[in-house]
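Numbering (the UniProt record's numbering), first residue to last: 1 to 160.
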């Protein structure tokens with residue numbers, strides 16, 4: 001399907017593209033648009049795309065956006081508030097962003113549990129401190145009471 005758009009022998013082209021450190025270009029982007037049934041917009045130092053690849057079959061799938069730098073490098077542009085990774089791959093029960101939402105819920109749950117455990121520990125430490133203080137006061141009162149008793153007993157013995 002794409003062989004007419006390649007200037008060298010197609011098999012040589014495919015073999016070369018399979019090598020490490022050999023990257024794709026507009027032909028591979030067009031192929032990905034078809035494979036994943038996604039519109040692909042390419043931006044280059046502008047808010048308007050310089051190139052738009054559309055699959056031959058219409059789709060409501062969100063588009064893939066790429067930024068093109070210095071005529072040599074592409075970066076993927078994503079909307080973190082509207083994740084669409086994996087759309088068009090044919091993955092059953094795919095819900096884009098669900099993993100992030102699940103991770104956030106788990107992190108929130110762990111944070112709340114940690115906060116609750118810390119509050120419980122602080123309450124226990126306060127209660128333990130209160131109990132220790134109460135025990136010390138009780139011991140001091142008992143000691144002073146015993147000493148008062150002994151002094152009183154000593155006074156009675158001297159008075160007799």
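Every residue, glycine too, gets a C-beta built ideally from N, C-alpha and C.
- Straight-line measurement puts the Cα of residue 76 at about 23 Å from the Cα of residue 102.
- Within a 10 Å sphere around the beta-carbon of residue 38 sit 16 or more other beta-carbons, which makes this residue buried.
- Scanning 62, 117 and 15 for the CA closest to the CA of residue 81 turns up 62.
- When the Cα atoms are used, residue 100 and residue 19 turn out to be separated by approximately 33 Å.
- Distance from the CA atom of residue 147 to the CA atom of residue 155, rounded to whole angstroms, is 12 Å.
- With 16 or more other Cβ atoms from the protein chains shown falling within 10 Å of its own Cβ, residue 53 counts as buried.
- Under the DSSP assignment, residue 77 falls outside any alpha helix (DSSP H), being part of the beta strand (DSSP E) whose first and last residues are 73–77.
- Counting only the Cα atoms, residue 115 lies some 47 Å from residue 33.
- According to DSSP, residue 69 shares a beta bridge with 73.
- Burial check for residue 66: the Cβ neighbour count within 10 Å reaches 16 or more, so the residue is buried.
- Shown here, residue 62 sits in coil according to DSSP, grouped into three states, outside any helix or strand.
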